[in-house]
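0 is the number of the first residue of the sequence shown in numbering that gives the first Met the number 0; add one for each residue after it.
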Amino acid sequence: MLSFGDFGSSQLGFPLFLCKTVFGNLLGASATDKTHALSENFRNFRRQLSHTSIAQMLLPLKESFTTPEVNRCPDGHFRRTLYGAGPYIADYPEQCMLTAIVQGWCPKCMAPGNDLEQEAISRTQKLTDELASFHELGELWRNFGIVGDIVPFTSEFPRADISELISPDILHQLIKGVYKDHLVTWVEELIYATHTKEEAQKILDEIDYRISLAAPFAGLRRFPKGRGFKQWTGDDTKALMKVYLAAIEGLVPDRVVCAVRAFTDFCYLARRNIHNTESLNKMDEVLAEFHEHRKIFIELGIRVHFNLPRQHSGRHWTKLIREFGAPNGLCSSITESKHIKAVKKPWRRSSRYRALQQMLYTNQRMDKLSAARIDFVRRGMLEPPKRSRQSVAADKAVAAHTLNLDDGGPVEGRGIIAEVQLAPTLSYRNLEVNVLADTIAQHDIADLLRDFLFHELHPNATSAGPNTLPEFSNRVSVHPSALAFFHAPSDLCGTEGISSERIRAVPSWQGGAGRYDCVFVETNPDAPGMLGLDVAQVNAFLSFTHNSELYQCALVSWFSRIGEKPDDTTHMWMLQGDFNDEEEAERHCAVISIDSILRAAHLMPIFGTGFTCKGLTPALSLTTIFRGWYVNKYIDHHAFEIAF
């Protein structure tokens, strides 16, 4: 995908992204026989043909690079605008082709391919041209990693340098590149290198088993059989990142866990929708930690060096974020998401015989139709597309369905920071308190409701004696779930950055065991991170009316923090269950207002160094079978930002 940014004459730099799927790889793929397929001349011919193809596709835009257009900017003012080439998103092999460098070298700097750890100056087209004027092609290849007889497509356009336009890529550089292909693979190799084959297989089976025990959570991909499947997607790796750290802790050396944790932190920081000096400094800090801890893979003989371009690219990330903005909006997953529209649908429309030309014609005609509609609307020849009453009604029906059933997702048009709503569907309606106690298996629910009501009626009271608690004779309804809305711009969200998620408390989930989710409860809004939050497990969502006023609340079981800071190895907070007695037979419970609930929390058991007993299910991962849990801040990016 190629995007272009425009810069007004006032240098305000309002961004305009004209994203288009480029079929340069199709145009540049020419056929020959096996005799010449691997020849240097043919490979250079293909490289140059790819550049020429891209240049020809972009040639109609060249005039706008030098001749100003008058455009209306977002602030309402009209300005003369010159366009320029913007960031180019590509995986590493394509970056090498675009920047005309040798595989193994960096497309952004001049660090040698056999020593990517050293500091080096930036790679630019001007520097490449100067080197080419003094050195032979062979010297350029060996000493500078330059394919000297290739002319980049950017040479056709003013103010364009392909080495400067290469942008960071979260998906292929970080998630699939370093995390999956490097770290996860190295951990497996390390286990085989330090144990017998039989022991190593048992440890890997234990890791898979731990992953499969992750408690259910909205949007969490299930791994019922661990990591044991052949074809990995980017979404699979993102899901693995959420639970992998807790699964390997105790089974591999702490420095390995620290290396995985530091790089995971780097990925989550890079994925932020908004960056500032603090977040960029933190990225540099955790990257330095990763570089320090990864040395254990060399010490244990898993690696000989770290001359890996994808890992080396991390050194350029903070600089590129300052140049291009948050990479959350610049990622090859954007182009991959267009695969259905640009490839699969045109393929289905084709006759399947010599389909490539038909697919190109289909995309070309669809582009022309889209451009014509935009032009006709601009000229006033067509009305802008309007939403019909039927579509609005359908959206309302979908919203109501979401409130009842779905796990959540992006939410449009809610000017809020955080809010929790009980599902309108009821599991039980208007139960008497004694019936409620049997229904939810909480014998002291009447006292808990009285204590809750007292603090709702007297919010400034610190404590209440048994004689001061109000009588409670109201009928109570039980709700199966609640929907939390919160501001999470770094996750999948609506236009105002609002996302939602389902919090469930049901005795049976999808025909199996019960599901009782955990939540973050806000206790001190002025304290940072987990110091201002507690974690509880929801046993039931309740509502009742008292003196004509509706009260919505939740019966919860409390957890308490282990220690005053996160774990040194995983950097996740550790919890233990709260009990009413020393025998730990009865959990400490309370009824709290849903207004104090921030959102759902995800806990992973602290498995330790031993093997987990077999026969467990995800529903049992939050029970007292385990003695402690990690607050899984990696479950999504919003949790990462609040559970520190």
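Here a beta-carbon is modelled for each residue, glycine too, at the ideal position from N, C-alpha and C.
| message | Taking the alpha helix (DSSP H) that Gly-54 belongs to, which residues open and close that run? | response | Locating residue 54 in the sequence shown gives position 55, where the first residue counts as 1. One detail in the question is off: residue 54 reads as Ala in this sequence, not Gly. Segment 39 to 57, the alpha helix (DSSP H) holding Ala-54.
| task | Would you kindly report the start and end of the unbroken alpha helix (DSSP H) that includes Trp-185? | result | Reading the sequence shown from its first residue, position 186 is the one you call residue 185. Where Trp-185 is concerned, the enclosing alpha helix (DSSP H) stretches over 184 to 193.
| Exposure of Cys-95, with buried meaning 16 or more beta-carbon neighbours within 10 Å | Here residue 95 is taken as the residue at index 96 of the sequence shown, counted from 1. Cys-95 is buried by the Cβ-count criterion.
| query | Would DSSP call Leu-554 helix, strand or coil? | reply | For this step, residue 554 is matched to residue 555 along the sequence shown. Looking at Leu-554 - three-state DSSP - the assignment turns out to be strand.
| Could you give the distance in angstroms between the alpha-carbon of Asn-631 and the alpha-carbon of Leu-299? | For the purposes of this step, residue 631 is taken as residue 632 along the sequence shown, with counting starting at 1. For the purposes of this step, residue 299 is taken as residue 300 along the sequence shown, with counting starting at 1. In a straight line, the C-alpha of Asn-631 is about 29 Å away from that of Leu-299.
| field | Beta-carbon proximity check, Arg-501 vs Ala-217, cutoff 9 Å | value | In the sequence shown, the residue the question calls residue 501 occupies position 502. In the sequence shown, the residue the question calls residue 217 occupies position 218. Contact: yes.
| message | Using the three-state DSSP reduction, which class does Arg-78 fall into: helix, strand or coil? | response | Here residue 78 is taken as the residue at index 79 of the sequence shown, counted from 1. Here Arg-78 sits in strand by DSSP.
| Cβ neighbour criterion (16 or more within 10 Å) applied to Lys-343 | Taking the sequence shown and counting its residues from 1, one reaches residue 343 at position 344. Exposed.
| said: Quick check on Ala-642: does DSSP put it in helix, strand or coil? | reply: Mapped onto the sequence shown, residue 642 falls at position 643. Coil.
| Reduced DSSP secondary structure (H/G/I, E/B, other) of Gln-441 | In the sequence shown, counting from the first residue as 1, residue 441 sits at position 442. Note: Gln-441 maps to coil in three-state DSSP.
| task | Specify, as a first and last residue, the run of the beta strand (DSSP E) that Glu-500 falls within. | result | On the sequence shown, residue 500 is found 501 positions in, with the first residue counted as 1. 497 to 505 is the extent of the beta strand (DSSP E) around Glu-500.
| So is Asp-437 buried or exposed if we call it buried at 16+ other beta carbons inside 10 Å? | By one-based count along the sequence shown, residue 437 stands at place 438. It is exposed - the Cβ of Asp-437 has fewer than 16 other Cβ atoms within 10 Å.
| query | Does DSSP put Leu-97 in a helix, in a strand, or in coil? | reply | For the purposes of this step, residue 97 is taken as residue 98 along the sequence shown, with counting starting at 1. It is helical.
| said: Output needed for His-292: all residues of its chain with C-beta closer than 8 Å, excluding positions within five of it in sequence on either side, in chain order. | reply: In the sequence shown, the residue the question calls residue 292 occupies position 293. Hits under 8 Å: Arg-254, Val-255, Cys-257, Ala-258, Ala-261.
| task | List the whole-angstrom C-beta distance separating Ala-535 from Val-555, where the pair is believed to meet the contact cut-off of C-beta under 8 Å. | result | Here residue 535 refers to the residue found at position 536 when the sequence shown is read from its first residue. Here residue 555 refers to the residue found at position 556 when the sequence shown is read from its first residue. Ala-535 to Val-555, Cβ: 4 Å. Contact.
| request: Answer yes or no: do Val-186 and Ile-247 have a C-beta to C-beta separation smaller than 9 Å? | output: Position 187 of the sequence shown holds residue 186. Position 248 of the sequence shown holds residue 247. Yes.
| message | Between which two residues does the alpha helix (DSSP H) holding Met-282 run? | response | As a first step, residue 282 is located in the sequence shown; it is residue number 283 there, counting from the start. 276 to 292 is the extent of the alpha helix (DSSP H) around Met-282.
| Smallest Cα separation from Pro-423: which of Gln-356, Leu-126, Ser-476, Ala-600? | Numbered from its first residue, the sequence shown carries residue 423 at position 424. Answer by Cα proximity: Ser-476.
| Hey, would you say His-274 sits closer than 9 Å to Ala-325, going by beta carbons? | Counting from one through the sequence shown, the residue named residue 274 turns up at place 275. Counting from one through the sequence shown, the residue named residue 325 turns up at place 326. In contact: His-274 and Ala-325 (Cβ atoms closer than 9 Å).
| request: Inspect the beta-carbon positions of Pro-565 and Phe-643 and report whether they are closer than 9 Å. | output: For the purposes of this step, residue 565 is identified with residue 566 of the sequence shown, where counting begins at 1. For the purposes of this step, residue 643 is identified with residue 644 of the sequence shown, where counting begins at 1. Cβ distance < 9 Å, so Pro-565 and Phe-643 count as in contact.
| message | Suppose you measure from the CA of Arg-377 to the CA of Leu-60; what does that come to, to the nearest Å? | response | To locate residue 377, count along the sequence shown from 1; it is residue 378. To locate residue 60, count along the sequence shown from 1; it is residue 61. Roughly 19 Å between the two C-alpha positions.
| said: Using the Cβ count rule (16 or more neighbours within 10 Å means buried), how would you classify Phe-289? | reply: Reading the sequence shown from its first residue, position 290 is the one you call residue 289. Under this definition Phe-289 is a buried residue.
| task | Just mark Val-183 as buried or exposed, buried being the case when its beta carbon has 16 or more other beta carbons within 10 Å. | result | Your numbering for residue 183 matches position 184 in the sequence shown. Its Cβ being crowded by 16 or more others within 10 Å, Val-183 is buried.
| query | So is Met-109 buried or exposed if we call it buried at 16+ other beta carbons inside 10 Å? | reply | Locating residue 109 in the sequence shown gives position 110, counting from the first residue. So Met-109 ends up on the buried side.
| request: Have a look at Ala-553, Ser-162, Arg-141, Ala-370 and flag the residue whose alpha-carbon is nearest the alpha-carbon of Gln-420. | output: What you label residue 420 is simply residue 421 of the sequence shown in a count that begins at 1. For Gln-420, the nearest C-alpha among the options comes from Ala-553.
| message | Pop quiz: Ile-174 and Cys-266 are said to be a contact at Cβ under 8 Å. What is the actual Cβ separation, rounded to whole angstroms? | response | Position 175 of the sequence shown, counting from 1, holds the residue named residue 174. Position 267 of the sequence shown, counting from 1, holds the residue named residue 266. Ile-174 to Cys-266, Cβ: 7 Å. Contact.
| Can you give the Cα-Cα distance for Arg-78 and Ser-63, rounded to whole angstroms? | On the sequence shown, position 79 is the one that residue 78 refers to. On the sequence shown, position 64 is the one that residue 63 refers to. Taking the straight line from one Cα to the other gives about 14 Å.
| said: Suppose contacts are defined by Cβ-Cβ distances below 9 Å. Is Gln-172 in contact with Asp-234 by that definition? | reply: In the sequence shown, counting from the first residue as 1, residue 172 sits at position 173. In the sequence shown, counting from the first residue as 1, residue 234 sits at position 235. Their beta carbons are not under 9 Å apart, which means Gln-172 does not touch Asp-234 by this criterion.
| message | Does the structure place the stretch 580 to 594 close enough to the stretch 537 to 552 that three or more beta carbon pairs sit under 8 Å? | response | yes
| query | Are the CB atoms of Ala-159 and Ile-145 nearer to each other than 9 Å? | reply | Position 160 of the sequence shown, counting from 1, holds the residue named residue 159. Position 146 of the sequence shown, counting from 1, holds the residue named residue 145. Cβ atoms of Ala-159 and Ile-145: not closer than 9 Å.
| said: Rounded to whole angstroms, what is the Cα-Cα separation between Val-397 and Asp-443? | reply: For the purposes of this step, residue 397 is identified with residue 398 of the sequence shown, where counting begins at 1. For the purposes of this step, residue 443 is identified with residue 444 of the sequence shown, where counting begins at 1. Here the model assigns Val-397 a pLDDT of 42, short of 50, so the residue's position is not dependable, and the following value carries that caveat. Taking the straight line from one Cα to the other gives about 39 Å.
| DSSP three-state assignment for Leu-615, whether helix, strand or coil | Locating residue 615 in the sequence shown gives position 616, counting from the first residue. Coil, per DSSP.
| field | CB contact flag (Thr-608, Gly-249, <9 Å) | value | For the purposes of this step, residue 608 is taken as the residue at position 609 of the sequence shown. For the purposes of this step, residue 249 is taken as the residue at position 250 of the sequence shown. In this structure, Gly-249 lies closer than 9 Å to Thr-608 by Cβ.
| task | Answer with buried or exposed for Ser-166, where buried requires no fewer than 16 other C-beta atoms within 10 angstroms of its C-beta. | result | For the purposes of this step, residue 166 is taken as residue 167 along the sequence shown, with counting starting at 1. Buried is the call here.
| Between Asp-446 and Ile-439, what straight-line distance do the alpha-carbon atoms span, to the nearest angstrom? | Walking along the sequence shown from the start, residue 446 turns up at place 447. Walking along the sequence shown from the start, residue 439 turns up at place 440. If you take the alpha carbons of Asp-446 and Ile-439, they lie about 14 Å apart.
| query | What residue does the beta strand (DSSP E) around Pro-604 start on, and which one ends it? | reply | As a working note, residue 604 is residue 605 in the sequence shown. Start and end: 602 to 604.
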